[in-house]
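**Q** Input: one structure, supplied below.
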Amino acid sequence: RLPQLEEEIASLRQLLKSERERHQTEEQAIMSQLSAAESEIEKNASMLRSLRSTLIKLKDKSKKQEQEISLMTKTEEMNAALDRLRQSHEQQQKSMQSKINDQQRELQDSEIKNN
């Protein structure tokens, strides 16, 4: 009976040892997966920070482009106003020149009549 119990105890010890090894192997695998997951999380967090930074830069660039478009629109409006002013000025000059020419003709005509 004693040798049978000793054999059973040895068998149970062997089983316990193999169970410990199996648990240790599983634990190492889980720790390895956990480490890989943490690494992936950090990589994703870094990518998110980079994307956020890019988004902020794009927003700034978009704002600058909107300001440039607004400035260009105002410049076009001012150029159109200047063109209208220039045309008006040219018309006034032509009208004034025409009046001056008419007055000079009248003066010449009157000088000829008086002579």
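For the sequence shown, this note's numbering begins at 418 and goes up steadily by one.
Ideal Cβ placement from N, Cα and C applies to all residues, glycine included.
The model shown is predicted, which means the values in this text are computed figures rather than measured ones.
When you compare only the Cα positions, how much space is there between S456 and L488?
**A** Their backbone Cα atoms lie some 48 Å apart in a straight line.
**Q** According to DSSP, simplified to helix, strand and coil, what is R418?
**A** The answer is coil: DSSP assigns R418 none of H, G, I, E or B.
**Q** Could you check the C-alpha separation between S452 and E424 for me, to the nearest Å?
**A** Taking the straight line joining both Cα atoms gives about 42 Å.
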